[in-house]
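Residues in the sequence shown are numbered from 2 upward in steps of one, following this note's numbering. Right, one structure below, let's go through it.
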Amino acid sequence: MEEAVSMLVEHLVRPVLPSSAVVTPEMEQDVARQFNDGMLNALFYLLVFSSFLVLLKYI
Numbered sequence: 002m003e004e005a006v007s008m009l010v011e012h013l014v015r016p017v018l019p020s021s022a023v024v025t026p027e028m029e030q031d032v033a034r035q036f037n038d039g040m041l042n043a044l045f046y047l048l049v050f051s052s053f054l055v056l057l058k059y060i
């Protein structure tokens, strides 16, 4: 997981930071938290949408 977070920071966060900015462990934890929250939201909406499709099949 730490390697994945480091990759996210390297490819998504670092390019938009000033060149003198230092990425702290707290910043990496924030990125991981936001990524996890986003994935949970996406999975929830996928579950709701797939349930809706199943219901449509039986109507």
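Beta carbons: idealized from backbone N, C-alpha and C, even for Gly.
For residue i, name the three-state secondary structure that DSSP assigns.
{"i": "P19", "result": "coil"}
{"i": "Y59", "result": "coil"}
{"i": "V24", "result": "coil"}
Determine the closest residue to residue i out of the options, with distance taken between C-alpha atoms.
{"i": "M8", "options": "L47, A33, V55 and Y59", "result": "A33"}
{"i": "D31", "options": "K58, I60, L41 and V14", "result": "V14"}
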